[in-house]
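A.B. asks:
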Amino acid sequence: MAIISIPDSLGGVAIPGITNVPGGPLGVLFGTSRYDIAAYKYPKDLSSATKGHFIHFTINKVEPIKLVTDIKNTITSGYELASTSGGDTLQKGVNFIRTGAQVLADTTQTVIKATTDSSFTQRKKTPIKTIALYMPDTVAFPYAASYGSTSLKDVIVSATSAVPGIGKITSTVSSIVDSPATRLLLNVSGLAINPREQVLFDGITFREYQLAFTFTPTSQEEAIEVRNIIKEFRSAMAPTINSGKAGMFYDIPNSFDIDFLFNGRRNRHISRVAESVMTAIDVNYAPNGWSAHTDGAPVQTTVTMNFREIELIDKNMINQGY
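Residue numbers (my numbering): 13 to 334.
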C-alpha cells in the first residue's frame, strides 16, 4: 500500500484537522487505520481523485454471545455422545434419536435460561480490516414500510369465529353475501357491496442497498491492492466451517460498518448506515471483454456488493442521522 502526500494547506492557508500524520482523520489514506489493523485503499491517490470524498468500510469479526455459545455446546455434546454410543447400527440409530430428543429439551432450557438471565452478554464485534474506496456513481438507500388491509366483514368473521354457534352462522352469512348469485342480484339492482376496507400498518423492513465499484489499476502495485481488496470483501461475506465441532456449525461471516467521509469526517449530508452484512457480491474480471496486463492482472474489474442492515431504521434512528 503506497503512502501518498496530502497537503496540509491551500494557498498558504492551513487546513484544520488534516495532517500528514498516519493517526489523523485521513490516516486510512496513508495505508494505516485508527484501529492499528490492516488498511487498504483505491485508488492510490484517493484523496485527490475524489476531492476529499470517499467511502470507508470497517470489517468486523462478530464475537459469539453467551446464548449462542451455550446452545452450540449443548447440541455438540449431544451429537458427540450419540456418535460414540456403542451397539449395532440399529441400536446406534435408536441412541441417536433418543439423544436428539434430549438435546432438543436441553437446548430449549438453555434458550429460556439465557434470555431470562439479567447478566446476558450483549453482541460484540472487533474491527479486523478497513478499506477506503472512491465514492461510487450511485449511492441510493431505499426506505419501505409494509401495509396490509382488512375489511369490516373480515373483522366480524374473525371476532366471532371462536364463539360456538355464532361463528358458524357468521361464516354462513359471509359465504352467502360473497356468492356470485348475491353479487349478480345486487349489480342488477345497481348496487355493490362496500367491504369497508381499512389500511393497516404492519411494520418496516431491513434496508437493503447496493454499492458498485470499477477498478482500473494503473500500476502493478495498485493491481495487487485491488486483488487484496476484492479478496477481503469476498472473505468477509463467507462463513467458516467449524471443523472442530464435527463440521456441524458455521462461524458466521463478518459484518460491516460503512461511513461516507468528506475530508476525513463523516459527511452529514448523506444518511448514516447501520451495521450491515453482505448478502451478495458479484466480481466481473472482464466487464468490457477479457484484457490483461503482461503479468496476467485484468485491466479492469467491476465489483457489485449487496448489503442489508441488521437494525431496523425507525423514526428515532432517522432523527440521529440514519
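All residues carry an ideal CB built from backbone N, CA and C; glycine is no exception.
If you count every other CB in all the chains shown that lies within 10 Å of the CB of T306, and 16 or more means buried, which is it?
C.D. replies: Sequence index remark: in the sequence shown, residue 306 carries index 294 (1-based). Classification for T306: exposed.
A.B. asks: Less than 8 Å between C-beta atoms, sequence neighbours within five positions excluded: which residues of the same chain meet that for E287?
C.D. replies: Here residue 287 refers to the residue found at position 275 of the sequence shown. So the qualifying residues of the chain are N72, K137, S267, F268, D269, E321, I322 and E323.
A.B. asks: Which residue's Cα is closest to the Cα of N331: T291, T313, V285 and Q312?
C.D. replies: Here the question's residue 331 lines up with position 319 in the sequence shown. It is V285 whose Cα lies nearest to the Cα of N331.
A.B. asks: Can you check whether the CB of N318 is closer than 7 Å to the CB of G64?
C.D. replies: Sequence index remark: in the sequence shown, residue 64 carries index 52 (1-based). Sequence index remark: in the sequence shown, residue 318 carries index 306 (1-based). Contact: no.
A.B. asks: Please classify Y262 as buried or exposed, where buried requires at least 16 neighbouring CB atoms within 10 angstroms.
C.D. replies: Stepping through the sequence shown from its first residue, residue 262 is reached at position 250. By the 10 Å Cβ count, Y262 comes out exposed.
A.B. asks: Report the rounded CA-to-CA distance for N240 versus V211, giving the unit in angstroms.
C.D. replies: In the sequence shown, residue 240 corresponds to position 228, counting from 1. In the sequence shown, residue 211 corresponds to position 199, counting from 1. The alpha-carbon atoms of N240 and V211 are separated by roughly 50 Å.
A.B. asks: In the DSSP assignment, find the unbroken beta strand (DSSP E) run with E220 in it and report its ends.
C.D. replies: Reading the sequence shown from its first residue, position 208 is the one you call residue 220. It spans E220 to F227 - the beta strand (DSSP E) in which E220 sits, taken as one unbroken run.
A.B. asks: Please classify V151 as buried or exposed, where buried requires at least 16 other C-beta atoms within 10 Å of its C-beta.
C.D. replies: One-based indexing of the sequence shown puts residue 151 at position 139. The residue in question, V151, is exposed, as its Cβ has fewer than 16 Cβ neighbours within 10 Å.
A.B. asks: Would you kindly work out how many angstroms separate the C-alpha atoms of D214 and Y221, rounded to a whole number?
C.D. replies: Looking up residue 214 in the sequence shown gives position 202. Looking up residue 221 in the sequence shown gives position 209. Looking at the two C-alpha atoms, the distance is approximately 22 Å.
A.B. asks: May I ask which residues mark the beginning and end of the alpha helix (DSSP H) holding P139?
C.D. replies: The residue labelled residue 139 in the question sits at position 127 within the sequence shown. Counting along the chain, P139 falls outside any alpha helix (DSSP H), though it belongs to the beta strand (DSSP E) covering K136 to Y146.
A.B. asks: Measuring straight from C-alpha to C-alpha, what distance separates T194 and G202?
C.D. replies: Within the sequence shown, the letter at position 182 stands for residue 194. Within the sequence shown, the letter at position 190 stands for residue 202. Looking at the two C-alpha atoms, the distance is approximately 12 Å.
A.B. asks: Am I right that G66 and M147 are in contact with their C-beta atoms under 8 Å? What's the rounded C-beta distance?
C.D. replies: The count along the sequence shown starts at 1 and reaches residue 66 at position 54. The count along the sequence shown starts at 1 and reaches residue 147 at position 135. According to the sequence shown, residue 66 is Phe rather than Gly. So it is a contact: roughly 6 Å between Cβ atoms.
A.B. asks: Which residues in the same chain have their Cβ closer than 7 Å to the Cβ of Y334, if we skip the five residues on either side of it in sequence?
C.D. replies: The residue you call residue 334 lines up with position 322 of the sequence shown. S283, R284, A286 and I325, listed in sequence order.
A.B. asks: Assign E237 to buried or exposed, taking buried as 16 or more other Cβ atoms, counted over all protein chains shown, within 10 Å of its Cβ.
C.D. replies: Numbered from its first residue, the sequence shown carries residue 237 at position 225. Looking at its Cβ environment, which holds 16 or more other Cβ atoms inside 10 Å, E237 is buried.
A.B. asks: Can you check DSSP and say which residues form a bridge with E321?
C.D. replies: The residue labelled residue 321 in the question sits at position 309 within the sequence shown. DSSP lists S288 as partners of E321.
A.B. asks: Return the CA-CA distance between G160 and E209, expressed in angstroms with no decimal places.
C.D. replies: On the sequence shown, position 148 is the one that residue 160 refers to. On the sequence shown, position 197 is the one that residue 209 refers to. Approximately 10 Å, taken between the alpha carbons.
A.B. asks: Nearest-angstrom Cα distance between N254 and M260?
C.D. replies: Reading the sequence shown from its first residue, position 242 is the one you call residue 254. Reading the sequence shown from its first residue, position 248 is the one you call residue 260. Cα-Cα distance, rounded: 7 Å.
A.B. asks: From the DSSP output, in three-state form, read off N275 for me.
C.D. replies: Within the sequence shown, the letter at position 263 stands for residue 275. N275 falls in the coil class under three-state DSSP.
A.B. asks: Counting along the chain, where does the alpha helix (DSSP H) carrying L198 start and finish?
C.D. replies: Indexing the sequence shown from 1 puts residue 198 at position 186. Where L198 is concerned, the enclosing alpha helix (DSSP H) stretches over P192 to V200.
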